[in-house]
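K.L.:
Attaching a single structure in structure tokens format; questions to follow.
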Amino acid sequence: MTETVTTTRAVSRPIPNRQVPRRRRKPRDYPIFRVVVLTTTVVLFIAPLLWMLVASFKTNVDIYDSGKTVLFTPTLDNYANVLGRNNYFDFIFNSFWVALWSTVLSLILGVPAAYAMSRFSMGRSAMVVLMARIIPGVSLLVPWYFIFANLRLVGGFSVLILSHMFVALPLIVYIMMSFFDSMSTELEDAAQVDGLTAIGAFMRITLPLSAPGLATAGILSFIFSWNNFMFALVLAGANTKTLPVAIFNFVSYASIDWGGLMSASVVVTVPIMVIALFTQKYIVAGLTAGATKG
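Here the sequence shown is numbered in the working numbering, starting from 617 and rising by one per residue.
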């Protein structure tokens with residue numbers, strides 16, 4: 617018998633056309649554009665401060681002379697005039713005292729108010745606080761002066777602290793409201809189950825966890841009070857005059873002492889710049905903490 621061998625040929629099937637996914641193009645990077653934008657921004661912010669610092673070491677004649685913009689003979693007479701003869705250390709103390717107590721009292725009143733508005737959804741009360749933030753402070757100076765003058769408070773520290781709290785308190789309330797909104801209530805509920813009251817849970821649990829928000833609100837409130845000029849100009853007295861108002865003494869009807877004005881501006885600006893430099897991480901952490909609810 618003959619054995620028949622059948623051979624089978626492999627039939628090649630056509631491979632279906634598969635669409636190869638296209639690679640997404642990475643967004644183009646424009647390093648030159650970024651460098652130009654960052655450099656322009658830095659120059660716009662730094663140039664006035666640099667000019668102020670350089671002018672504080674010049675005489676009035678050198679400040680008006682465009683040929684001595686860079687090359688000039690520095691002098692310390694402006695700082696001696698500001699810190700020595702004009703006794704600016706008293707004004708520094710006044711600004712610090714008013715800013716400190718207005719910030720502390722605003723935190724004591726504003727943080728519990730923000731917590732209550734956040735936990736009990738008090739939207740209308742929050743709108744009332746926001747209205748106080750929107751109202752221009754200049755529109756309240758005349759009524760304030762009339763009321764405080766009848767109470768014989770004009771010229772003292774108490775009237776300055778109260779007037780600065782009018783703006784600092786709404787700011788603190790809104791910063792802390794957003795911070796409390798982002799915090800979960802589970803820890804508070806667990807603390808109350810363990811026997812704490814609502815106030816005890818707030819003091820022992822919520823308040824320590826809200827330290828970044830407290831730091832942000834306190835720093836921003838302090839900076840506002842330190843830089844405030846309008847309230848102190850009308851309500852302060854000779855012994856309670858703050859730094860921004862004291863700087864105004866270098867501006868007279870006939871002329872302006874630019875050297876003294878620039879050196880006094882440096883004295884006002886440097887402490888705030890140092891505070892902002894060392895506390896910027898707390899400010900950023902506190903402002904971003906309330907951005908998302910967790």
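Each residue gets a CB set at the ideal place from its N, CA and C atoms; glycine is no exception.
Keep in mind it's a predicted model, so treat the numbers as computed, not measured.
Does the region 778-791 come close enough to the region 862-875 to have 3 or more Cβ pairs within less than 8 angstroms?
P.N.:
No, the region 778-791 is not in contact with the region 862-875.
K.L.:
Whole-angstrom Cβ separation of TYR704 and VAL883, contact assumed at under 8 angstroms?
P.N.:
The pair is a contact, with the Cβ atoms about 6 angstroms apart (cut-off 8 angstroms).
K.L.:
What are the uninterrupted segments assigned as alpha helix (DSSP H) that are 4 or more residues long and contained completely in the region 660-738, given in chain order?
P.N.:
Fully enclosed alpha helix (DSSP H) runs of 4 or longer: 676-680, 693-696 and 704-735.
K.L.:
Closest to LEU756 by C-alpha separation, out of ALA742, THR813 and HIS780, would be which residue?
P.N.:
Here the closest residue by C-alpha is HIS780.
K.L.:
Less than 7 angstroms separating the beta-carbons of ALA784 and SER718?
P.N.:
Taking 7 angstroms as the Cβ cut-off, ALA784 and SER718 qualify as a contacting pair.
K.L.:
Under a Cβ-count criterion, where at least 16 other Cβ atoms within 10 Å of its own Cβ denotes burial, should LEU859 be classed as buried or exposed?
P.N.:
So LEU859 ends up on the buried side.
K.L.:
In whole angstroms, what separates the C-alpha of PRO752 from that of ALA663?
P.N.:
If I take the Cα positions, the gap works out to 30 angstroms.
K.L.:
Would you tell me roughly how many angstroms separate the C-alpha atoms of PRO690 and THR822, rounded to the nearest one?
P.N.:
Approximately 54 angstroms between the Cα atoms of the pair.
K.L.:
When DSSP labels each residue in this structure, what does VAL770 get in the three-state scheme?
P.N.:
Residue state, collapsed to three classes: coil.
K.L.:
Taking the alpha carbon of ASP797 as the reference point, which residue from ARG735, VAL744, GLY834 and PRO759 has its own alpha carbon closest?
P.N.:
The shortest C-alpha separation from ASP797 is found at ARG735.
K.L.:
How long is the line joining the alpha carbons of ILE888 and PRO728, rounded to whole angstroms?
P.N.:
Approximately 27 angstroms, taken between the alpha carbons.
K.L.:
On the three-state DSSP scale, how would you describe ALA872?
P.N.:
Note that residue 872 is Ile in the sequence shown here, rather than Ala. Strand at ILE872.
K.L.:
Using only CA atoms, which one of THR655, LEU665 and ILE835 lies nearest to ILE891?
P.N.:
For ILE891, the nearest C-alpha among the options comes from ILE835.
K.L.:
If we count the other Cβ atoms within 10 Å of its Cβ and call it buried at 16 or more, is LYS897 buried or exposed?
P.N.:
When all chains shown are included, LYS897 counts as exposed.
K.L.:
Three or more C-beta pairs under 8 angstroms: does that hold for the region 759-779 against the region 800-817?
P.N.:
They do not touch, by the three-pair rule.
K.L.:
In terms of residues, what are the limits of the alpha helix (DSSP H) holding PHE847?
P.N.:
Segment 846-851, the alpha helix (DSSP H) holding PHE847.
K.L.:
I need the straight-line Cα distance from TYR731 to MET792, nearest angstrom please.
P.N.:
TYR731 and MET792: Cα-Cα distance of roughly 7 angstroms.
K.L.:
Considering only C-alpha positions, which residue in the set THR856, ALA880 and PHE838 is nearest to VAL867?
P.N.:
The residue with the shortest Cα to Cα distance from VAL867 is ALA880.
K.L.:
Report back the beta-carbon spacing between LEU776 and VAL850 to the nearest angstrom; my notes put them in contact at under 8 angstroms.
P.N.:
With 8 angstroms as the limit, LEU776 and VAL850 do not qualify as a contact, their Cβ atoms being about 10 angstroms apart.
K.L.:
With C-beta atoms as the reference, is ASN694 less than 7 angstroms away from SER722?
P.N.:
No.
K.L.:
Write down every uninterrupted run of the alpha helix (DSSP H) in the region 738-813 whose length is 4 residues or greater and which is fully enclosed by it, in chain order.
P.N.:
Runs of the alpha helix (DSSP H) inside the region 738-813: 739-750, 757-766, 773-798 and 802-809.
K.L.:
I'd like the span of the alpha helix (DSSP H) that includes ILE821, first residue to last.
P.N.:
No alpha helix (DSSP H) contains ILE821, which DSSP labels as neither H nor E.
K.L.:
Rounded C-beta distance between PHE795 and ALA748? I'm assuming under 8 angstroms.
P.N.:
Rounded, the Cβ-Cβ distance is 20 angstroms, inconsistent with contact.
K.L.:
Tell me which same chain residues have a C-beta within less than 8 angstroms of the C-beta of LYS684, skipping the five on either side of it?
P.N.:
Cβ neighbours of LYS684 beyond the five flanking positions: LYS674 and ASP678.
K.L.:
Who are the Cβ neighbours of MET846 in its own chain at under 8 angstroms, not counting the five residues just before and after it?
P.N.:
GLY753, VAL754 and LEU757.
K.L.:
Less than 7 angstroms between the C-beta atoms of TRP842 and SER711, yes or no?
P.N.:
Cβ atoms of TRP842 and SER711: closer than 7 angstroms.
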